[in-house]
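Asker: Input: one structure, supplied below.
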Amino acid sequence: MRWEPPSPPPVPSLVTFSGDRGAYFRLVAKGAGLELVTAGFYRFWLTTDVRRHLWSNTTIDGDAAEYTGRGKELLIGFLFALAILMPIYLAYFLVTIEAERLRAFASIPLLLAFYAFGQFAIYRARRYRLTRTVWRGVRFWMDGSGWAYAWRAVLWGLLTVLTLGFALPWREAALERYKMSHSYYGDLQGSFEGRGWEFFKRVWWLWLLTPFALYVVIALPFLYAAFKAAEWRWWLSGIRFGEVRVESTMTRGALIGLYWKVIGWVALLMVLLFAYLGLSAVVAASMKGMHLNYFFVSRAFVRSVPFLVLAGIGYLAFILATNVVIRIYLVRDIWVKVLSTVRIRGIEATANVTAKGELASALGEGFADGLDVAGF
Amino acid sequence: MSIENAPSDDAGLNQREGVVYFDGQSSRRRRVSLRFADQLEIGEDGVAPVQWDYSDIREADSPPGVLRVTCLSAPPLARLEIRDPQLAAELKSRCPRLAENQVDGRAIAKIVGWSLAAVVSIVTLVMFGVPLAADRLAPIVPQSFERRLGDAAEVQIKTIFGDKTCNDATGQKAFDKLLRSLRQAAGLDTAVEPEVLSTSVPNALALPGGKVILFSGLLAKANNPDEIAGVLAHELGHLKHRDNMRNLIHDSGTSFLAGLLFGDVTGAGALVFASRTLVTSSYSREVEQSADTFSMDVMQKLGRSPKPMGELLFRITGKQGDSELSILASHPLTEDRLKRMSQADRPPTDPPLLTPDEWTALKAICRSKS
């Protein structure tokens, strides 16, 4: 065989995003409207549409990914989760009574069980999403146990609380190691090489600044954005699938603009909401023939049905618009920003991967929905 | 007629390639040529062509400029990707059911229709099903379970209000006498455990399982035995109707059903909370109203007027109509309760429930200790 001189390995970007922002805006705006009409039941399909858009527009090494999950699966998962959660809530209630008989508020530690259940849901939801992710005709998949993960998360969580957040980087590293070493692309096993210490080195100064930022509220978004950027960079740079190595070049300030845009939009929406509420008050007061000042001073406004109805409609419009803003900036724009920093080495290892792995049910997503938890 | 595309003969990573095929078994990128015969033939050098029935071909998600299709009879993840617009158009024209997988207007209309049906059924359940369940289930809950519930509640109450029970002997005697007459008139055969708790909060509670707790703050504000008797009769009414269990079943049922709506829509929690509060407080007002009715009946049976209870309440809360949003209140407005009790007012026909001495002793029940 011919010997080839070692050349410095090129690190091509390999990852591109081709989604149209306008099309995405229409997708989430329409979705928000449908969520309103369906009292929120459309969320399963909206979530699915958002993922389909993001996945299918993400191209890695020339081939786009695909999300094969469907809204109906999420709905069924949610219904099954409800059926399982109901007896659990009942059992929780009965155990609570016994604990409270012994000592007032002795049942509060029981909430820990729900935290563990939430972590279980996060693991299983990730498994569902991963098995619906297809690239080059081969799906990603996961094994491992949701409960084994949940107990790790609880113990590390306790340690993090006891150390006032100091242990957080090591918690994330340990949990990520568990998740990634049980993740596969076909027969290519994943792993996580990020170390808690490296993450700590990137964020310790944020940890020190947080107590001050709690006084200077305006500093909080900066700190949070810097923390998230460091977290993304560290997390991405630790991901491995066989010989494939992911890297990220995300800078500390990369996400600051995004968070401020969200704050700006929500503030603007609030101003609009209050202007609208003021206008509704004028209308409602004039309908009653009351002076506006008296309308407020006498607290008549809390008993005025037209005002309450108008206020309810205004609030609905506000939360729908807020949801659109969040889905644009904190889902799509962050996705695009993150992808733009990703570099991949050793992509050749994916040239001939054998398909493997079973589909997982959406039960985990259902639990996550029922318990109101979210995570990667 | 058959059209064949020439496979491009240059290799490379990111250059334009007409047609790529993934067989769903491995991630190998296969550069193939297409032949539009009776079936779609996907041909790779040196391998027998794969054949796809046109009516089995469905479109899968893809980035702009790429037509990505899958086939029902092929492995589920087998994908054919066409980057050549002409070729894509040609394939599209031959596949009659290409778009069947997509969520179109009709599918959305179906989702909306079913969601509305679900909303209607949830609202119906909240309005009729849950109150019915509460009324029917509460009486069959075993006493022993209710006791446990009451014990747990008592531990909490004593943690909040302090564990100072008043048991001055003569006061206790007067208290027992008052309750005995009330229980007889009320026809209450279950065990009742009365207790006076030393706290400045003016209130009285009936706990599940039969414990009645009178806060000394209420005693301090009362001017005569009838005022306290009315309040105690009201609490006995809660026990008789097993209102604690009914409220528990009603509130948890309503919370659960209301929680199904708007799930993860950020900010909708406030709406769900508001509508749930509306429903549970309306139910609670009904329950309080019927306990008032019960109390008025008992007082009249004893030949005493129900009006003093209303006066005591009014002394404590004042007129509520100006400050409270009546549809969110857990109790009827005090002025309305007073009005109802005043309407039932009539001169007492029987002697007072306690002698002046006994009344003085009851008022002083908390003196001996503390």
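Those sequence lines, one after another, are chains A and B. Residues in the first sequence are numbered from 1 upward in steps of one, following my numbering. Residues in the second sequence are numbered from 1001 upward in steps of one, following my numbering. The beta carbon of each residue, even a glycine, is placed where N, CA and C say it ideally should be.
In this structure, what does DSSP give as the bridge partners for LEU1197/B?
Answerer: In the second sequence, the residue the question calls residue 1197/B occupies position 197. According to DSSP, which records beta bridges pairwise, LEU1197/B is partnered with THR1165/B and PHE1215/B.
Asker: Which two residues bound the contiguous beta strand (DSSP E) that contains LEU1354/B?
Answerer: Taking the first residue of the second sequence as 1, we reach residue 1354/B at position 354. No beta strand (DSSP E) contains LEU1354/B, which DSSP labels as neither H nor E.
Asker: Using a beta-carbon distance cut-off of less than 7 Å, what residues from the region 1156-1167 of chain B approach chain A?
Answerer: GLN1156 and THR1159
Asker: Please tell me whether SER56/A has its Cβ less than 8 Å away from any Cβ of chain B.
Answerer: Position 56 of the first sequence, counted from the start, is the residue given in the question as residue 56/A. Yes - at least one Cβ of chain B is within 8 Å of the one on SER56/A.
Asker: At a CB-CB cut-off below 7 Å, which residues of chain A make contact with LEU1077/B?
Answerer: One-based indexing of the second sequence puts residue 1077/B at position 77. Residues of chain A passing the Cβ test: VAL134, GLY137, VAL138, ARG139 and ALA355.
Asker: Residues of chain A with a CB under 9 Å from the CB of ARG1097/B: which are they?
Answerer: By one-based count along the second sequence, residue 1097/B stands at place 97. The premise fails here: ARG1097/B is roughly 17 Å from chain A at the closest Cβ pair, so nothing lies under 9 Å.
Asker: Are the C-beta of GLN1025/B and some C-beta of chain A separated by less than 8 Å?
Answerer: In the second sequence, residue 1025/B corresponds to position 25, counting from 1. Cβ-Cβ to chain A under 8 Å: yes for GLN1025/B.
Asker: Rounded to whole angstroms, what's the CA-CA distance from GLY1018/B to ASP1045/B? Just pull it up for me.
Answerer: Position 18 of the second sequence, counted from the start, is the residue given in the question as residue 1018/B. Position 45 of the second sequence, counted from the start, is the residue given in the question as residue 1045/B. Cα to Cα, GLY1018/B sits roughly 15 Å from ASP1045/B.
Asker: Please go through the same chain and pick out, in chain order, the residues whose beta-carbon is closer than 8 Å to the beta-carbon of LEU79/A, but skip the five residues on each side of it.
Answerer: Position 79 of the first sequence, counted from the start, is the residue given in the question as residue 79/A. Here the set comprises GLY366.
Asker: How many angstroms separate the CA atom of VAL203/A from the CA atom of LYS179/A?
Answerer: The residue you call residue 203/A lines up with position 203 of the first sequence. The residue you call residue 179/A lines up with position 179 of the first sequence. Rounded to whole angstroms, VAL203/A to LYS179/A spans 22 Å at the Cα level.
Asker: Do you know how far the Cα of GLY22/A is from the Cα of LEU1261/B?
Answerer: Start at 1 with the first residue of the second sequence, and residue 1261/B comes out as number 261. Start at 1 with the first residue of the first sequence, and residue 22/A comes out as number 22. Distance between the alpha carbons of LEU1261/B and GLY22/A: 29 Å.
Asker: Please classify PHE241/A as buried or exposed, where buried requires at least 16 other C-beta atoms within 10 Å of its C-beta.
Answerer: For this step, residue 241/A is matched to residue 241 along the first sequence. Classification for PHE241/A: buried.
Asker: Can you name, in chain order, every residue of its own chain whose Cβ lies under 8 Å from the Cβ of VAL154/A, other than the five neighbours on each side?
Answerer: Taking the first sequence and counting its residues from 1, the one referred to as residue 154/A is at position 154. LEU112, TYR115, ALA116 and GLN119, listed in sequence order.
Asker: How many Å lie between SER1026/B and ILE1111/B at the Cα?
Answerer: Translated into the one-based positions of the second sequence, residue 1026/B becomes position 26. Translated into the one-based positions of the second sequence, residue 1111/B becomes position 111. Each residue's alpha carbon lies about 36 Å from the other.
Asker: What are the boundary residues of the beta strand (DSSP E) that GLN1051/B is part of?
Answerer: The sequence position of residue 1051/B within the second sequence is 51, counting from 1. Residues 1047-1052.
Asker: Is any beta-carbon of chain B found at less than 8 Å from that of TRP45/A?
Answerer: Sequence index remark: in the first sequence, residue 45/A carries index 45 (1-based). Cβ-Cβ to chain B under 8 Å: yes for TRP45/A.
Asker: Got a sec? Which residues, its chain only, sit under 7 Å from TRP147/A by beta carbon, not counting five neighbours each side?
Answerer: As a first step, residue 147/A is located in the first sequence; it is residue number 147 there, counting from the start. So the list reads PHE120, once near-sequence residues are dropped.
Asker: Report the partner residues of MET86/A according to the DSSP bridge assignment.
Answerer: Within the first sequence, the letter at position 86 stands for residue 86/A. The partner list for MET86/A (beta bridge, DSSP) is empty, contrary to what the question assumes.
Asker: Using DSSP with H/G/I as helix, E/B as strand and the rest coil, what is THR58/A?
Answerer: The residue labelled residue 58/A in the question sits at position 58 within the first sequence. THR58/A: strand per DSSP, three-state reduction.
Asker: Specify the secondary structure class of ALA1204/B as computed by DSSP and reduced to three states.
Answerer: Translated into the one-based positions of the second sequence, residue 1204/B becomes position 204. Here ALA1204/B sits in strand by DSSP.
Asker: Can you give me the C-alpha to C-alpha distance between LEU208/A and ASP1135/B, rounded to a whole angstrom?
Answerer: Start at 1 with the first residue of the first sequence, and residue 208/A comes out as number 208. Start at 1 with the first residue of the second sequence, and residue 1135/B comes out as number 135. Computed Cα separation, rounded: 57 Å.
Asker: Examine chain B for any beta-carbon lying closer than 8 Å to the beta-carbon of VAL37/A, and answer yes or no.
Answerer: The residue labelled residue 37/A in the question sits at position 37 within the first sequence. Yes, because at least one Cβ of chain B sits closer than 8 Å to the Cβ of VAL37/A.
Asker: Distance, Cα to Cα, LEU1067/B vs ASP143/A?
Answerer: Within the second sequence, the letter at position 67 stands for residue 1067/B. Within the first sequence, the letter at position 143 stands for residue 143/A. Computed Cα separation, rounded: 32 Å.
Asker: Taking only three categories from DSSP, how would you classify SER1370/B?
Answerer: The residue you call residue 1370/B lines up with position 370 of the second sequence. With a pLDDT of only 42 at SER1370/B, under 50, the local geometry of the prediction cannot be trusted, and the value read off the model is given with reservation. Three-state DSSP puts SER1370/B in coil, outside helix and strand.
Asker: Between the region 1035-1058 of chain B and chain A, which residues of the former have CB atoms less than 9 Å from a CB of the latter, in chain order?
Answerer: none
Asker: Alpha carbon to alpha carbon, what distance is there between GLU1288/B and ASP1371/B?
Answerer: The structure shown does not extend to residue 1371/B, since chain B is modelled only from 1001 to 1370, so the question has no answer here.
Asker: Between the alpha carbons of ILE239/A and GLY137/A, how many angstroms are there, rounded?
Answerer: As a first step, residue 239/A must be located in the first sequence, where it is residue number 239. As a first step, residue 137/A must be located in the first sequence, where it is residue number 137. Answer to the nearest angstrom: the Cα atoms are 21 Å apart.
Asker: Mark THR1199/B as exposed unless 16 or more other C-beta atoms lie within 10 angstroms of its C-beta, in which case mark it buried.
Answerer: For this step, residue 1199/B is matched to residue 199 along the second sequence. By the 10 Å Cβ count, THR1199/B comes out buried.
Asker: Using a C-beta to C-beta distance shorter than 7 Å, which residues of chain A count as neighbours of ALA1060/B?
Answerer: Position 60 of the second sequence, counted from the first residue, corresponds to residue 1060/B. Residues of chain A passing the Cβ test: GLU66.
Asker: Using a Cβ-Cβ cut-off of 6 Å (strictly less than) and excluding sequence neighbours within five positions of THR354/A, which residues of its own chain qualify?
Answerer: For this step, residue 354/A is matched to residue 354 along the first sequence. Result list for THR354/A: GLY186 and ASP187, in chain order.
Asker: At what residues does the beta strand (DSSP E) containing MET142/A begin and finish?
Answerer: One-based indexing of the first sequence puts residue 142/A at position 142. Per DSSP, MET142/A belongs to the beta strand (DSSP E) from 138-142.
Asker: So who's on the other strand from TYR67/A, going by DSSP bridges?
Answerer: Numbered from its first residue, the first sequence carries residue 67/A at position 67. Note: TYR67/A sits in a beta bridge opposite THR133/A.
Asker: So what's TYR123/A in DSSP terms, helix, strand or just coil?
Answerer: On the first sequence, residue 123/A is found 123 positions in, with the first residue counted as 1. In the three-state DSSP reduction, TYR123/A falls in the helix class (H, G or I).
Asker: Taking 8 Å as the CB-CB cut-off, is ILE97/A touching chain B?
Answerer: Start at 1 with the first residue of the first sequence, and residue 97/A comes out as number 97. At least one chain B Cβ lies under 8 Å of ILE97/A.
Asker: Use the C-beta contact count for VAL1050/B: other C-beta atoms within 10 angstroms, 16 or more gives buried, fewer gives exposed.
Answerer: The sequence position of residue 1050/B within the second sequence is 50, counting from 1. Under this definition VAL1050/B is a buried residue.
Asker: Consider the Cβ of PHE41/A: report whether some Cβ of chain B lies at a distance smaller than 8 Å.
Answerer: Residue numbering aside, residue 41/A sits at position 41 when the first sequence is read from its first letter. Yes, its Cβ sits closer than 8 Å to a Cβ of chain B.
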